[in-house]
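Number of protein chains: 2
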Amino acid sequence: MTTPSLSRVAGAPAEAPTAARGSAALIADEPGLGAWRSFLTAHARITRRLDEELQAAHGLSLAEYDALLQIAHAPGRRVRMNVLAERVILSRSGITRLVDRLEAAGAVERKACSTDARGQEAELTAVGLERLRSAATTHLEGVRRYFLGRLDSADLAGLEASLGRVADPLESGSHPAHEGCPPGEL
Amino acid sequence: MTTPSLSRVAGAPAEAPTAARGSAALIADEPGLGAWRSFLTAHARITRRLDEELQAAHGLSLAEYDALLQIAHAPGRRVRMNVLAERVILSRSGITRLVDRLEAAGAVERKACSTDARGQEAELTAVGLERLRSAATTHLEGVRRYFLGRLDSADLAGLEASLGRVADPLESGSHPAHEGCPPGEL
DNA sequence: GGTCGGTCGTTGACTGCGCAACGATATGCC
DNA sequence: GGCATATCGTTGCGCAGTCAACGACCGACC
Chain H
1 MTTPSLSRVA GAPAEAPTAA RGSAALIADE PGLGAWRSFL TAHARITRRL DEELQAAHGL
61 SLAEYDALLQ IAHAPGRRVR MNVLAERVIL SRSGITRLVD RLEAAGAVER KACSTDARGQ
121 EAELTAVGLE RLRSAATTHL EGVRRYFLGR LDSADLAGLE ASLGRVADPL ESGSHPAHEG
181 CPPGEL
Chain W
1001 MTTPSLSRVA GAPAEAPTAA RGSAALIADE PGLGAWRSFL TAHARITRRL DEELQAAHGL
1061 SLAEYDALLQ IAHAPGRRVR MNVLAERVIL SRSGITRLVD RLEAAGAVER KACSTDARGQ
1121 EAELTAVGLE RLRSAATTHL EGVRRYFLGR LDSADLAGLE ASLGRVADPL ESGSHPAHEG
1181 CPPGEL
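These protein sequence lines map, in sequence, to chains H and W.
Per our numbering, the first sequence runs over residues 1 to 186.
Per our numbering, the second sequence runs over residues 1001 to 1186.
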């Protein structure tokens, strides 16, 4: 009820445009829109909480935590800036500055890429790893409290399947005027 | 595979801390985490696309669109800044500036609240409504293409139920050290 | 009626991010 | 080899958002 709508309008095109005390009249309420709204609201509220908690307890933003994690998972604990940006879903400049911060904090070091002289790699330091480890407990606790804890395994399986199906086709294709839409309306 | 992890670490606490060419060793992979990752990735990718499209076609950000929509849905097409902030999930100052922009664009007008002299209400203008209407077609098309179109009605019902259950308890309660967590671990 | 704490919306200072432009390098074609 | 084009990471600039502080106002309690 107090979730962001972000959709639902249009409809009733031949409505009297008089500024009457309009209560309804432009709500469309297409079928799946409730799910869409829940999606947006859930994301906004949860990430806000998690970010606050991480920040308060460890001075890390969610994006920084994610970057640290991505580096930690990479072989050799180092990643090209390039792919890091893609994984964290940030622009190149965004990743440059984020790594700047992590480096200033001593959590990461920049190393030249051996196979491409243009390249830089971000490598996790020992303190970065320790930082990540302790942040992870806070973060996971939050994820459990706000997300996992409210859902049973069937819910989780459904979410993973549905949202994966939604996210995958958007992986990195450039701006498609219209693309993978199963040939329906435009 | 290229979705943001944002979790998964810890585990194997008594691991040799030598800087060996560590490949795994700190991945926890708690059961529901795949769903959590899909959730984050799907949101980041979809909202990025929708925002780009809205911006390109109508010069509106998603937040601005949402605000316009919230005002349009309110009785009398006006809302207190207060509740608008809550609905759009922005801070008070954020809403002040967002409404500044909308007002400068002629889409909204500020009116004093009749029952509370401190209050301001944002009221949708005719041009704002028209702006919203045309933006809505773009936006809904995108939502269909990237979200609704990939999901059948069972998926959508599942998403709405699950994500609603997750979002609702976070509605406006202040920072809860630990709160609604069903009495399990802390 | 006066005072005190709480809430309303706004503002200043700051931060994080995206876009566009840049030098440096890689790669393909002649 | 020599050149054109593309990609890599960084940077200047601008924008949108938060936090903290502010004056204005509400409501309750004395």
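Every residue, glycine too, gets a C-beta built ideally from N, C-alpha and C.
Within the stretch 1048 to 1094 of chain W, the runs of beta strand (DSSP E) at least 3 residues long that lie entirely inside it are, in chain order, 1078 to 1080. The criterion of a C-beta distance shorter than 8 Å is not satisfied by Glu103(H) and Arg97(H). For Ala1117(W), no beta strand (DSSP E) run applies, since DSSP gives it neither H nor E. Judged by DSSP secondary structure, Gly32(H) falls outside any alpha helix (DSSP H); it is assigned neither H nor E.
Looking from the CA of Leu33(H), the closest CA among Ala1161(W), Ile1089(W), Ala1126(W) and His1058(W) belongs to Ala1161(W). Boundaries cannot be given for Asp168(H), as no alpha helix (DSSP H) includes it and DSSP labels it neither H nor E.
A contact is defined here as three or more CB-CB pairs under 8 Å, and the stretch 34 to 49 of chain H fails this definition with respect to the stretch 86 to 94 of chain H.
Residue Glu1121(W) holds the alpha-carbon nearest to the alpha-carbon of Asp1100(W) among Gly1164(W), Glu1121(W), Asp1116(W) and Ser1134(W). Residue state for Leu151(H) is assigned as coil, using DSSP reduced to three classes.
Of all alpha-carbon atoms in Leu163(H), Leu170(H) and Leu54(H), the one lying nearest the alpha-carbon of Leu40(H) is that of Leu163(H). A Cβ-Cβ separation of about 6 Å places Glu53(H) in contact with Thr138(H) under the 8 Å criterion. Under the DSSP assignment, Gly128(H) falls in the alpha helix (DSSP H) whose first and last residues are Ala126 to Tyr146. At the C-beta level, Val127(H) and Gly106(H) come within 8 Å of one another. Linking Val1083(W) to Gly1119(W) through their CA atoms gives a straight-line distance of about 11 Å.
In this structure, Arg77(H) sits away from Leu132(H), with a CB-CB distance that is not shorter than 8 Å. The C-beta of Asp51(H) comes no closer than 8 Å to any C-beta of chain W. If you draw a straight line from the Cα of Ser114(H) to the Cα of Met1081(W), it comes to about 54 Å. In this structure, the alpha-carbon of Ser1061(W) lies about 17 Å from that of His43(H). In chain order, Pro4, Thr41, Ala44, Arg45 and Arg48 make up the part of chain H whose C-beta sits under 8 Å from the C-beta of Ile1089(W).
Burial check for Ser1038(W): the Cβ neighbour count within 10 Å reaches 16 or more, so the residue is buried.
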